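Asks: Chains A and B are the protein sequences, given in the same order.
Numbering-wise (this note's numbering), the first sequence opens with residue 86 and increments by one.
Numbering-wise (this note's numbering), the second sequence opens with residue 86 and increments by one.
There are 2 protein chains.
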Amino acid sequence: MRLTTRGRYAVTAMLDLAIHGDKGPISLADISERQEISLSYLEQLFAKLRQQELVSSVRGPGGGYRLSRCSDDINVAEIIDAVNECIDATSCNGKGNCHNGDICLTHHLWDDLSRQIHRFLSGITLDSLVHQHEVQLVSLQQGEQVDLSARCE
Amino acid sequence: MRLTTRGRYAVTAMLDLAIHGDKGPISLADISERQEISLSYLEQLFAKLRQQELVSSVRGPGGGYRLSRCSDDINVAEIIDAVNECIDATSCNGKGNCHNGDICLTHHLWDDLSRQIHRFLSGITLDSLVHQHEVQLVSLQQGEQVDLSARCE
DNA sequence: TAAATAACCAACTAAAAAAGTAGGTTATTT
DNA sequence: AAATAACCTACTTTTTTAGTTGGTTATTTA
Numbered sequence: 086m087r088l089t090t091r092g093r094y095a096v097t098a099m100l101d102l103a104i105h106g107d108k109g110p111i112s113l114a115d116i117s118e119r120q121e122i123s124l125s126y127l128e129q130l131f132a133k134l135r136q137q138e139l140v141s142s143v144r145g146p147g148g149g150y151r152l153s154r155c156s157d158d159i160n161v162a163e164i165i166d167a168v169n170e171c172i173d174a175t176s177c178n179g180k181g182n183c184h185n186g187d188i189c190l191t192h193h194l195w196d197d198l199s200r201q202i203h204r205f206l207s208g209i210t211l212d213s214l215v216h217q218h219e220v221q222l223v224s225l226q227q228g229e230q231v232d233l234s235a236r237c238e
Numbered sequence: 086m087r088l089t090t091r092g093r094y095a096v097t098a099m100l101d102l103a104i105h106g107d108k109g110p111i112s113l114a115d116i117s118e119r120q121e122i123s124l125s126y127l128e129q130l131f132a133k134l135r136q137q138e139l140v141s142s143v144r145g146p147g148g149g150y151r152l153s154r155c156s157d158d159i160n161v162a163e164i165i166d167a168v169n170e171c172i173d174a175t176s177c178n179g180k181g182n183c184h185n186g187d188i189c190l191t192h193h194l195w196d197d198l199s200r201q202i203h204r205f206l207s208g209i210t211l212d213s214l215v216h217q218h219e220v221q222l223v224s225l226q227q228g229e230q231v232d233l234s235a236r237c238e
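Here is the structure:
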């Protein structure tokens, strides 16, 4: 299983879209600048996001990308899936043939872990991340630091 | 974050130890054969497991490795930690400097995910995996397939 | 006490994956 | 017609992982 820059970039870019998308389509150049992600790399990621119909594109000047669905209907798991970071901790991709065609000693462990991670990530929508972001902004303006990570404890 | 063959190998090897360790120290050659992991690679992993005092070694003929602690006192998270697969999904290793010295848009998300994974894995002991394995063996003898992965749904 | 065993160690190689780059074409707007 | 921005392909670099090689050291057993 891998959860690397690619998945993080994809989620970050989608969140950027969710935050700024109300002003019409957002160009990758904008996202690239704001989130400091290489433009060409973003293009590759958005090719996949578009294939999975998470975003739709508008070509030409003033064009860019917008979310295909409402931000409360797009969750983090599907974004990561879309850019090919399979959320699967087993060595057999869940097939169960990890040890001579049979399951290996630890198959169930990794299988369970994968389910846990997937359930967690699919429970988080872009919309909820936007809200979290807004709460942070407000609290920053109020000069106090809110530790949002505590909310899941 | 990475959860790859290395961490899986480490947990599998430790589980092998937990299962067979009652007969005295187990040689890496045995584990290598049973679990189909290259001996030299196992040696590298066990160097780290020994550093973290998860296993202790006995040299010479009849020697090998044994668990340093009771199998119900060793959890999966610390095994994976020991072999240097940091269970951290953030890009900043939890430091919070992922975007120009400040946290990035999605920092909290990855931070939460990391906690979630860590909590899950640290709740699973070698002992519980041994039991799971025994249940499987029994059910196999009874000719029926038990889907243990369902127990967490 | 010699041989066998198995841990211990360091450095290297190969393969895979991730990250990023380069150089274009095509559709659309102004 | 020019500018813009998506779209596309192929390539390079870097990093990580996985595995190999060739030893040494400690301990037991015959």
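Idealized CB from N, CA, C, for every residue including glycine.
Predicted, not measured: the structure shown is a model, and the values here were computed from it.
Determine contact between the stretch 190-206 of chain A and the stretch 110-126 of chain A, defined as no fewer than three beta-carbon pairs at a distance below 8 Å.
Replies: No, they do not touch.
Asks: If you check the beta carbons only, do leucine 211 of chain A and serine 156 of chain A fall under 8 Å apart?
Replies: Going by C-beta atoms, leucine 211 of chain A is nearer than 8 Å to serine 156 of chain A.
Asks: Pick helix, strand or coil for serine 112 of chain B, following the three-state DSSP scheme.
Replies: Coil, per DSSP.
Asks: List the residues that DSSP assigns as beta-bridge partners of threonine 90 of chain B.
Replies: Note: threonine 90 of chain B sits in no beta bridge, so no partner.
Asks: Spatial neighbours of isoleucine 85 of chain B within its chain, please: C-beta separation below 6 Å, excluding the five flanking residues on both sides.
Replies: Chain B is shown from 86 up to 238; residue 85 of chain B falls before or after that span and cannot be answered.
Asks: In the stretch 109-172 of chain A, which residue ranges form an unbroken beta strand (DSSP E) of at least 3 residues, counting only runs that do not cross its ends?
Replies: Within the stretch 109-172 of chain A, the complete beta strand (DSSP E) runs of at least 3 residues are 140-143 and 149-152.
Asks: What residues in the stretch 199-212 of chain A have a beta carbon less than 9 Å from any beta carbon of chain B?
Replies: Cβ contacts with chain B come from Arg200, Gln201, Ile202, Phe205, Leu206 and Ile209.
Asks: By DSSP, does threonine 210 of chain B sit in helix, in strand, or in coil?
Replies: Threonine 210 of chain B: strand per DSSP, three-state reduction.
Asks: Please state if the CB of histidine 218 of chain B and the CB of isoleucine 104 of chain B are separated by a distance shorter than 8 Å.
Replies: For isoleucine 104 of chain B and histidine 218 of chain B, yes; Cβs fall inside 8 Å.
Asks: Can you tell me which of B:Gly148, B:Leu152 and B:Tyr126 puts its alpha carbon nearest to the alpha carbon of arginine 135 of chain B?
Replies: Measuring from the Cα of arginine 135 of chain B, the nearest candidate turns out to be B:Leu152.
Asks: Starting from the beta carbon of aspartate 101 of chain A, find every residue of chain B whose beta carbon is closer than 8 Å, and list them in chain order.
Replies: Result: Leu190.
Asks: Can the beta-carbon of valine 140 of chain A be found less than 8 Å from the beta-carbon of leucine 113 of chain A?
Replies: No, they are not a contact pair.
Asks: Of all Cβ atoms in chain A, is any one closer than 8 Å to the Cβ of glutamine 217 of chain B?
Replies: So, interface residue.
Asks: Going by DSSP, which residues form a beta bridge with aspartate 187 of chain A?
Replies: According to DSSP, aspartate 187 of chain A bridges with A:His184.
Asks: Any C-beta of chain A sitting closer than 8 Å to the C-beta of leucine 134 of chain B?
Replies: No, because no Cβ of chain A sits closer than 8 Å to the Cβ of leucine 134 of chain B.
Asks: Identify the contact partners of serine 224 of chain B in chain A, using a Cβ-Cβ distance below 8 Å as the criterion.
Replies: Those within 8 Å of serine 224 of chain B in chain A number zero; the least Cβ separation is about 12 Å.
Asks: My output table needs one value for glutamine 217 of chain B: the three-state DSSP class, helix, strand or coil.
Replies: Helix, per DSSP.
Asks: Determine the burial state of serine 80 of chain A: buried for a count of at least 16 other Cβ atoms within 10 Å of its Cβ, exposed for fewer.
Replies: Coverage of chain A is limited to positions 86 through 238, which leaves residue 80 of chain A absent and any answer about it impossible.
Asks: Strictly below 7 Å CB to CB, what residues from chain B border arginine 93 of chain A?
Replies: What arginine 93 of chain A touches in chain B: Ser176, Thr191 and Trp195.
Asks: Give every residue of the same chain whose Cβ lies closer than 8 Å to the Cβ of tyrosine 126 of chain B, excluding the five residues on either side of it in the sequence, and list them in chain order.
Replies: Only Tyr94 meet the Cβ criterion.
Asks: Would you verify that the beta carbon of valine 96 of chain A is, or is not, closer than 8 Å to some beta carbon of chain B?
Replies: Yes, valine 96 of chain A counts as interfacial toward chain B.
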